[in-house]
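Structure first, commentary second.
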Amino acid sequence: MKYCANCGNQLEDEAAFCPQCGTRQDGKFAAKTANNDAPSVGYAILSFLIPLVGLILFLNWKNNFPRRAKSCGIAALIGFIINFVVFFYLP
Numbered sequence: 000m001k002y003c004a005n006c007g008n009q010l011e012d013e014a015a016f017c018p019q020c021g022t023r024q025d026g027k028f029a030a031k032t033a034n035n036d037a038p039s040v041g042y043a044i045l046s047f048l049i050p051l052v053g054l055i056l057f058l059n060w061k062n063n064f065p066r067r068a069k070s071c072g073i074a075a076l077i078g079f080i081i082n083f084v085v086f087f088y089l090p
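Structural data, given as structure tokens:
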């Protein structure tokens, strides 16, 4: 199997055009790329420490990287709650 160099769609070996995007296949084929949608510990920690950054990352990634966005969103929510408790309820 080969993959379209433009959109990454899986193609038949003899395909001259990609049925997904219509790009002509000139022998340049993309290797199947690894999905980078793994939850990120670093971004989750940053989202926890600075919840506004986590909210922005969540909104930016929610369609393209849903698992990574979920980890940032959860960490941001926990960060907001802890910051709220510390700010309003602790002397």
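Numbering-wise, numbering that gives the first Met the number 0 puts 37 at position 38 of the sequence shown, and it's gapless, one number per residue. Positions of the beta carbon are idealized from the N, C-alpha and C atoms, including for glycine.
So ASN59 is in the alpha helix (DSSP H); what residue range does that whole segment cover? Run containing ASN59: 50-60, per the alpha helix (DSSP H) assignment.
Assuming PRO50 and GLY78 are in contact, meaning their beta carbons sit under 8 Å apart, how far apart are those beta carbons, in whole angstroms? At roughly 4 Å, the Cβ-Cβ gap stays under 8 Å, so PRO50 and GLY78 are in contact.
Where ILE73 and ASN59 are concerned, what is the direct C-alpha to C-alpha distance, given to the nearest angstrom? Taking the straight line from one Cα to the other gives about 14 Å.
Within this structure, are the beta carbons of ALA57 and ALA75 separated by less than 9 Å? A small correction: the amino acid at residue 57 is Phe; Ala does not occupy that position in the sequence shown. Taking C-beta atoms as the reference points, PHE57 and ALA75 count as a pair closer than 9 Å.
Starting from the C-beta of ALA15, find all residues in its chain whose C-beta is less than 7 Å away, skip the five residues before and the five after it, and write them out in chain order. Counting only Cβ-Cβ distances below 7 Å, and skipping sequence neighbours, we find ARG23, GLN24.
Could you tell me the distance, in whole angstroms, from the CA atom of ALA43 to the CA atom of GLY53? Approximately 7 Å, taken between the alpha carbons.
Going by C-alpha to C-alpha distance, which of GLU13, ILE80, GLN19, GLN9 sits closest to SER46? Out of GLU13, ILE80, GLN19, GLN9, ILE80 has the C-alpha closest to the C-alpha of SER46.
Cutoff 7 Å; reference ASN5; Cβ partners in own chain excluding five residues on either side: Result list for ASN5: CYS17, CYS20, THR22, in chain order.
If distances are taken between C-alpha atoms only, which option among TYR88, CYS71, PHE87, TYR2 comes closest to ASP36? Here the closest residue by C-alpha is CYS71.
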